[in-house]
Amino acid sequence: MTRRIAITQRVDVLADRGERRDALDQRWTSFLAACGGLVIPVPNRAPDAAAWAEALGIQSVLLSGGEDLADLGGPSPERDATEIALLAWAERRRVPVLAVCRGLQLLAYRAGARLRRLEGHIAVHHNIVAATGPDHVNSFHSWGFDEVPRAFRSLATAEDGSIEAMRHESLPITGIMWHPERCHPFREADVDAARRALEGRR
32 MTRRIAITQR VDVLADRGER RDALDQRWTS FLAACGGLVI PVPNRAPDAA
82 AWAEALGIQS VLLSGGEDLA DLGGPSPERD ATEIALLAWA ERRRVPVLAV
132 CRGLQLLAYR AGARLRRLEG HIAVHHNIVA ATGPDHVNSF HSWGFDEVPR
182 AFRSLATAED GSIEAMRHES LPITGIMWHP ERCHPFREAD VDAARRALEG
232 RR
């Protein structure tokens, strides 16, 4: 059965048109289809994200990448508010969450981690040490964190010690710092891991 996955979106500001547009990389549709999911984009102006998710029968949540958090100078406080509300709903309902890149940063920041600026993590590939063994992943972020927040455990770290993946100890919440949707072709390991995370399996 196809899983209904709510995916959050970045905000593109078109100053010449006076518009703030929600936007989503088209590759996410293909990646989540490979994971057995149906993409349902989350509007950043939803008056009640929890009610929106309930009404649409959302079965999983994906916090996507792109943009810094508003508290760190990012341009989209409405996105932060929507994602925090959606995450709180998912926690209450024990709905599986996969947080990618900025999504992992939000997850960590909300849980009390201190984010710091990173060097050498933008538009590169680098080595990580994961629970499943060494890996080589893409990297498109400028913020990261070194200490795993309470109730989470680390699944992978970069060579500089920053966290590349973590999982909640009791809730079905997983975060990764790399972008599986940007690999062509998609990596089988990423598809399998994302599918398990979005189904709430460890």
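If you count the sequence shown from 1, you need to add 31 to reach this note's numbering.
Don't be surprised by glycine CBs; every beta carbon is placed ideally from N, CA and C.
Here the structure is a predicted model, which is why all the values come from computation and not from measurement.
Can you tell me which of the three DSSP states residue i falls into?
i    : result
P108 : helix
L45  : strand
E195 : strand
D53  : strand
G134 : helix
R123 : helix
I89  : coil
L129 : strand
How is the alpha helix (DSSP H) around residue i delimited, first residue to last?
i    : result
E219 : E219 to L229
E85  : A80 to A86
Cα-Cα, which of the options is closest to residue i?
i    : options                  : result
D79  : R35, I115 and S173       : I115
D43  : P108, C66 and R34        : P108
R125 : P216, A65, V92 and E190  : V92
A144 : Q136, D221 and V73       : Q136
P106 : I36, R226 and N75        : N75
S170 : I153, I36 and P127       : I153
T12  : A81, E98, I89 and G96    : Shown here, the chain extends from 32 to 233; a query on residue 12 therefore has no answer.
C66  : L146, L94 and I36        : I36
V160 : L117, P127 and M208      : M208
L87  : I71, T163 and S95        : I71
V222 : R52, D53, G68 and S95    : G68
V168 : R58, A121, A220 and P180 : A220
Which one or two residues does DSSP pair with residue i in a beta bridge?
i    : result
H210 : In DSSP, H210 forms no bridge with anything.
R35  : L69
I153 : F171
L103 : For L103, which the question treats as bridged, DSSP gives no partner whatsoever.
R148 : W174
A161 : G164 and A187
T113 : Answer by DSSP bridge pairing: none, since T113 is not bridged.
C94  : First, the amino acid is wrong: residue 94 is Leu here, not Cys. In the DSSP output, where bridge partners are listed per residue, L94 has A130.
T205 : L129 and R198
Do you know how far the Cα of residue j is from the Cα of residue i?
i    : j    : result
S61  : G206 : 20 angstroms
P211 : S201 : 24 angstroms
M197 : T188 : 9 angstroms
C132 : L55  : 14 angstroms
G231 : A224 : 11 angstroms
R141 : L100 : 11 angstroms
L149 : I204 : 24 angstroms
A119 : A46  : 32 angstroms
D166 : G49  : 43 angstroms
R233 : S193 : 22 angstroms
H199 : A139 : 11 angstroms
L63  : H215 : 14 angstroms
R110 : Q40  : 8 angstroms
H172 : G151 : 9 angstroms
Please determine whether the Cβ atom of residue i lies at a distance below 7 angstroms from any heavy atom of the ligand GTP.
i   : result
Q40 : Although the ligand GTP was asked about, the structure shown includes no ligands whatsoever.
Locate the beta strand (DSSP E) running through residue i, then write down its first and last residues.
i    : result
S170 : G164 to F171
V68  : First, the residue type needs correcting, since residue 68 is Gly and not Val in the sequence shown. Its beta strand (DSSP E) spans residues G68 to P72.
A144 : Where A144 is concerned, there is no enclosing beta strand (DSSP E), given that its DSSP letter is neither H nor E.
A187 : F183 to A189
Any beta carbon from chain C within less than 8 angstroms of residue i's own beta carbon?
i   : result
E98 : Here there is only one protein chain, and chain C is not present.
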